[in-house]
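**Student:** One structure is given below, represented as structure tokens, and several questions about it will come after.
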């Protein structure tokens, strides 16, 4: 028995509208899905914060090679938009530390790159823990304005910039 396509398309069963309950159920499922996802995100971020893990912003992070006696509170006070990874090199029980305190800050920087290779942020700054550094070109040797004035689009374009620059040529 052959049935024409025109007959099939005009079949009363195909012309029937789906019941309104289907649309309502779909809306309920989508609402519950969104609610569960947002709660999971909140719970995960609360858990990570309570364990001392700070993810910071995904696109920028400051990596610091510090010792237990160093004061790094200035980073949190003046640079809240940056994630912070502060490695304590003289405490093997610190949350972030190095396998062996050798090579000054280079071991911290290398450890950070190796440990985070598959999730490195777009912008990274590797610095010493002290706010005031003789080897930056700020007139007061202050790291805060150097980091705050860093032009991230320029850093993205170049791939690497030195935080020390010659003022009359322009800084990154």
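In the numbering used here, the protein residues as written are 1 to 172. From the three backbone atoms N, C-alpha and C, an ideal C-beta is built for every residue, glycine too.
1. Could you say which of 107, 151 and 64 lies nearest to residue 76 if we only look at CA atoms?
2. Classify residue 147: buried if its beta carbon has 16 or more other beta carbons within 10 angstroms, exposed otherwise.
3. Mark residue 93 as exposed unless 16 or more other C-beta atoms lie within 10 angstroms of its C-beta, in which case mark it buried.
4. Measuring CB to CB, does residue 143 end up less than 7 Å from residue 151?
5. From residue 145 to residue 163, what does the alpha carbon distance come to, in whole angstroms?
6. Would residue 70 and residue 129 qualify as a contact pair, given that the criterion is a beta-carbon distance under 7 Å?
7. Just to confirm the assignment, what range does the alpha helix (DSSP H) spanning residue 124 have?
8. Identify whether residue 87 lies in helix, strand or coil by the three-state DSSP scheme.
9. Span of the alpha helix (DSSP H) holding residue 144?
**Tutor:** Taking the geometry as given:
1. To locate residue 76, count along the chain shown from 1; it is residue 76. It is 64 whose Cα lies nearest to the Cα of residue 76.
2. As a working mapping, residue 147 is identified with position 147 in the chain shown. Buried is the call here.
3. As a working mapping, residue 93 is identified with position 93 in the chain shown. Around the C-beta of residue 93, fewer than 16 other C-beta atoms lie within 10 Å, and the residue is accordingly described as exposed.
4. By one-based count along the chain shown, residue 143 stands at place 143. By one-based count along the chain shown, residue 151 stands at place 151. Taking 7 Å as the Cβ cut-off, residue 143 and residue 151 do not qualify as a contacting pair.
5. Locating residue 145 in the chain shown gives position 145, counting from the first residue. Locating residue 163 in the chain shown gives position 163, counting from the first residue. Using only the alpha carbons, I get a separation of about 11 Å.
6. For the purposes of this step, residue 70 is taken as the residue at position 70 of the chain shown. For the purposes of this step, residue 129 is taken as the residue at position 129 of the chain shown. Cβ distance < 7 Å, so residue 70 and residue 129 count as in contact.
7. Within the chain shown, the letter at position 124 stands for residue 124. For residue 124, no alpha helix (DSSP H) run applies; the uninterrupted beta strand (DSSP E) run containing it begins and ends at 123-127, by DSSP.
8. As a first step, residue 87 must be located in the chain shown, where it is residue number 87. In the three-state reduction of the DSSP assignment, residue 87 falls in the strand class.
9. Mapped onto the chain shown, residue 144 falls at position 144. Residue 144 -> alpha helix (DSSP H) spans 143-148.
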